[in-house]
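What follows is a single structure, written as structure tokens, with notes after it.
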Amino acid sequence: MHFALSEEEELIRDSARKLAADRLAPLAETLDRGEGRAEFLGNLKLLAENGFMALNIQAGFGGSEAGTVAFALALEELAAACASTAVTTSVTNMVGEVIQAVGSSRQQAEHLPKLADGTYPAGAFCLTEAGAGSDPAAMKLRARREGDAYVLDGEKIFITSGEYAGLFVVWGVTDPDAPKGKGISVFLVPADTPGVSVGKAEKKMGQTGSATNTIRFEGARIPADALMGKENDGFRVAVGELAGGRIGVASVSLGIARAAMDAAKSYARERKQFGQALTEFQGLQWLIADRELDLHASRLLILDAAAKKDRGEPFSKEASMAKLFASEAAHRCTDAAIQIHGGAGYCRDFPVERYARDARITRIYEGTSEIQRLIIARETLRQLG
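In case it helps, the working numbering puts the sequence shown at residues 707 to 1091.
This is the structure we're talking about:
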């Protein structure tokens, strides 16, 4: 397949690269220490003002209509500078896509412009529960119909951007007697809804700037028209949107991996051992070659999945392939970067140890590596007929 980028896609990539270098990279270490919240929110607003929070949203709602390829290119650039900011951007775009795909015209008109212009600092995707991670159909959060309202009771965990979000997309059980996965619906819930509370941020290994919270719903009453799509059709929506989210995670993984290898190559050119630069040693050259293959293959898999999505073709298998390969490649690249740095790579004076910590979660969220292999195998066998 020919991956010639359009002029607009190149412009978006270059704009993301410049913004990332100017604003995101200088803040990355501060965020990693758990500081800089105000500056982080300022950068989210700046990203919105430059169109990065609504890359797939229609222009009539303030979006860029740039497409998934542009989305992937932009996320790679943002993640190379600051993975925490990139994942927040990815999830917010995901929220917008759900609303555009299944939201009512009223919901779209009310909420999409606020995601696009930064009125909502971020959006959050509330699917995961304590007993429903890789198996979202096992969720327990209850959404009871009471007259012209639904009442939500339950808890969602590991919610990216929970404390920053102005709007939650929430899945809940509307028919507990339905077969597994058939009685789930999806709702739009503003963060300031009475009965909704945000728990403390998790103390994470990496991507510490992107707050990850528990969200509690205790008798949270929302109007009946907060339902998105049809009642009891929410699981189908979740499965479809997770596929798109995997392109985002793959792109974030690639950005982290690229940053790690860029740092490693720069270090290897300058560092001398036995009277010569590390880059003169064949063993290290082979290591760099293998990781360059990882970067290039990741990018091609991502662009393939993104292009299929933009063309309206089935892309679930390709998204899982991209997510699986890119996230595992990020592990290999960040590990290699530390090895090339030697003892220095294990110290926080150099950024590669942060890249390794940031990369680790990419093999878990939006579906573990094991789940991706199941999806790829299932789709491959299904294609046999």
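For every residue, glycine included, the Cβ atom is placed at its ideal position computed from N, Cα and C. Remember, predicted model here, so these are calculated numbers, not experimental data.
What three-state label does DSSP hand A828 in the structure shown?
strand
If we call anything under 8 Å between Cβ atoms a contact, is I953 one with K1015?
yes
Which of helix, strand or coil does DSSP assign to M934?
strand
Specify the secondary structure class of Y856 as computed by DSSP and reduced to three states.
strand
Compute the Euclidean distance between the alpha carbons of V980 and A897, then round it to the nearest angstrom.
According to the sequence as given, residue 980 is Phe; it is not Val. When rounded, the distance between both Cα atoms is 59 Å.
Select from T825, A907 and G925 the residue whose C-alpha is nearest the C-alpha of E852.
G925
Determine the DSSP secondary structure at E782, reduced to helix, strand or coil.
helix
Under the DSSP definition of a beta bridge, which residues are partnered with A727?
None; A727 has no bridge partner.
Give me, in chain order, the residues of the same chain whose beta-carbon lies closer than 6 Å to that of A1032; leave out the 5 immediate sequence neighbours on both sides.
A956, S959, L960 and S1004
Cβ distance (whole Å) where V797 is taken to contact S903 below 8 Å:
So it is not a contact: roughly 20 Å between Cβ atoms.
Using the C-alpha atoms, what's the distance from V875 back to E947?
11 Å
Does the region 756-772 come into contact with the region 716-728, if we say contact requires no fewer than three beta-carbon pairs (one atom in each stretch) closer than 8 Å?
yes
When burial is assigned at 16 or more other CB atoms within 10 Å of the CB, is K820 buried or exposed?
buried
Within the continuous alpha helix (DSSP H) that includes E924, where are the two ends?
Where E924 is concerned, there is no enclosing alpha helix (DSSP H), although the beta strand (DSSP E) it sits in stretches over T918 to P929.
Measure the alpha-carbon distance for Q806 versus L873 and round it to whole angstroms.
14 Å
Name, in chain order, the residues that DSSP records as bridge partners for G878.
S891
Just verifying my parser: in three-state terms, what is the DSSP assignment at E861?
strand
Suppose contacts are defined by Cβ-Cβ distances below 8 Å. Is N799 in contact with F777 by that definition?
yes
Going along the chain, which residues of its own chain have a beta-carbon closer than 6 Å to the beta-carbon of F864, five neighbours each way excluded?
T834 and T918
Going by alpha carbons, who is nearest to D881 out of K936, V895, P929 and R922?
K936
Residues of its chain near K1030, where Cβ-Cβ distance is below 6 Å and the 5 sequence neighbours each way are ignored
Here residue 1030 is Leu; the residue named in the question, Lys, does not match the sequence. Closer than 6 Å at the Cβ level, and outside the excluded window around L1030, lie S1075 and Q1078.
Does the beta-carbon of R1060 have 16 or more other beta-carbons within 10 angstroms, so that it is buried, or is it exposed?
buried
When you compare the CB positions of A794 and L730, do they come within less than 8 Å of one another, or not?
For clarity, residue 794 is Thr in the given sequence; the question names Ala instead. Result no, Cβ atoms of T794 and L730 do not sit closer than 8 Å.
What would DSSP say about A884, mapped onto helix, strand or coil?
coil
What separation, rounded to the nearest whole angstrom, lies between the Cα atoms of E783 and N762?
17 Å
With DSSP as the reference, label A949 as helix, strand or coil.
helix
Would you call L972 buried or exposed, if buried means 16 or more other Cβ atoms sit within 10 Å of its Cβ?
Sequence check: residue 972 is Ser here, not Leu. Exposed, by the Cβ-count rule.
Quick check on Q764: does DSSP put it in helix, strand or coil?
coil
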